[in-house]
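Trainee:
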Amino acid sequence: MKAVAIEEFGGPEGLAVIDIPEPAPAQGQVLIASEAIAVGGVDVMVRSGALAAYGFREGHVPGGEVAGTVTAVGDGVDPAWVGQRVWAFTGTGGGYAEQAIAPIGEVVPLPESLSAVDAVTLGSSGVVAHFGLSHAHFSSGETVLVRGAAGSIGIMTVQLAARRGAGAVAVTTSSPERGRRLRDLGATHVLDRSGAGGPDDPPGYDVIIDVVAGEDMPSFFDRLTPNGRLVVVGAVGGQPPADFGTRLMTAFQKSMSFAAFSAATVAESARRAVRMEQFAAAGRGELQTVVHEVLPLEHAVLAHQKMDAGEVFGRIVLTP
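Numbering (my numbering), first residue to last: 53 to 372.
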């Protein structure tokens, strides 16, 4: 079967279409004929070699989020899953392929009203947004700033914060056009990438959800209110400086907090429940999925070029 592998760490040109044997599900696993494959920020980091220290090697097939139809099951899995349309998390890779393996605990049935493309646009990002806000102890009436709001996680965070009664939802983004689109999704204030805005913007924020991290992250501590909380849910801008904590300490009397959040720390059953709820809401039109572009699997290099160029608003999806 066709798959896309990282032949050489670095730029998108290091990706290549290859032929690999069709996988077979082991105990507790299912085999999925993929209809849609998410292109995520973590895929870009893996491809660049930034995560090589975590065991990724050249030859790795990236991609962790697919949707399609179950075609086979391993031992211990109910055969009734065969033929069902599902969303699945494949783990640290294996998604950029015509067929993918996933553990049954990370498989969620899809409502008829939700397409495979919409499912992979929402499946992981919605969960990170939901639990990221919870990790920040966000409550109704508080002000929220979403840093790096044009990606799928940021877009879902904007929508969920607005739905949960935020007093204001500010976003950082790279252009007025993106700002207008984010306002349509629930943002109330649009800032530039540095966090600068206008005189009518809130003077500070109770919660900052940061998808970017990177060298500029510490400057956003200055935008927290007393008792404010900054939670990093992604690092598409790279690692923050090693001494970023000194910014917190210099504002000791403001009692501000910093945390990192990964959905891997949330119980599988809780992730599953939220995904099913969000899939149903999206199927009813209550949550909007934003798809930047749908490309053939063979165009994975182009997808990553667009990601590297910062062109993407929402999610790029690959289709076998």
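Ideal placement from N, C-alpha and C gives every residue a C-beta, glycine not left out.
If we count Cβ pairs, one from each stretch, closer than 8 Å, do we get three or more for the segment 257-269 versus the segment 286-298?
Mentor: Contact holds: three or more Cβ-Cβ distances are below 8 Å.
Trainee: By a C-beta neighbour count over all protein chains shown, 10 Å radius and 16 as the cutoff for buried, is Met301 buried or exposed?
Mentor: Start at 1 with the first residue of the sequence shown, and residue 301 comes out as number 249. Flag for Met301 reads exposed.
Trainee: I want to see whether chain D comes within less than 8 Å of Val179, judged by CB atoms only; does it?
Mentor: Considering every chain present, this structure includes no chain D. It has just one protein chain.
Trainee: Is Arg281 closer than 8 Å to Gly256 when the C-beta atoms are compared?
Mentor: As a working mapping, residue 256 is identified with position 204 in the sequence shown. As a working mapping, residue 281 is identified with position 229 in the sequence shown. No.
Trainee: Label Glu194 either buried or exposed according to how many other C-beta atoms from any shown protein chain fall within 10 Å of its C-beta, with 16 as the threshold for buried.
Mentor: Working through the sequence shown from its first residue, we reach residue 194 at position 142. Buried, because 16 or more other Cβ atoms sit within 10 Å of the Cβ of Glu194.
Trainee: Considering only the beta carbon of each residue, do Gln211 and Gln340 sit closer than 8 Å?
Mentor: Taking the first residue of the sequence shown as 1, we reach residue 211 at position 159. Taking the first residue of the sequence shown as 1, we reach residue 340 at position 288. It is a contact, given that the beta carbons lie within the stated cut-off.
Trainee: What is the C-beta distance between Thr121 and Ile84, in whole angstroms, given that I count them as a contact (C-beta under 8 Å)?
Mentor: Along the sequence shown, read from residue 1 onward, the residue named residue 121 stands at position 69. Along the sequence shown, read from residue 1 onward, the residue named residue 84 stands at position 32. Sure, about 7 Å apart at Cβ, within 8 Å.
Trainee: Under the three-state reduction of DSSP, which class applies to Leu15: helix, strand or coil?
Mentor: The first residue shown for the chain is 53 and the last is 372, placing residue 15 beyond what the model contains.
Trainee: Is the CB-CB distance between Gly362 and Asp262 below 8 Å?
Mentor: The residue given as residue 362 occupies position 310 in the sequence shown. The residue given as residue 262 occupies position 210 in the sequence shown. No. Outside cutoff.
Trainee: According to DSSP, simplified to helix, strand and coil, what is Ala140?
Mentor: Indexing the sequence shown from 1 puts residue 140 at position 88. Three-state result, Ala140: strand.
Trainee: Assign Asp236 to one of two classes, buried (16 or more other C-beta atoms within 10 Å of its C-beta) or exposed (fewer than that).
Mentor: Numbered from 1 along the sequence shown, position 184 holds the residue referred to as residue 236. The residue in question, Asp236, is exposed, as its Cβ has fewer than 16 Cβ neighbours within 10 Å.
Trainee: Could you pull out every residue in the same chain whose Cβ sits closer than 6 Å to the Cβ of Met208, ignoring the five residues on either side in sequence?
Mentor: As a working mapping, residue 208 is identified with position 156 in the sequence shown. Correct list, in chain order: Ser177, Gly178, Ala181.
Trainee: When DSSP labels each residue in this structure, what does Phe310 get in the three-state scheme?
Mentor: As a working mapping, residue 310 is identified with position 258 in the sequence shown. Note: Phe310 maps to strand in three-state DSSP.
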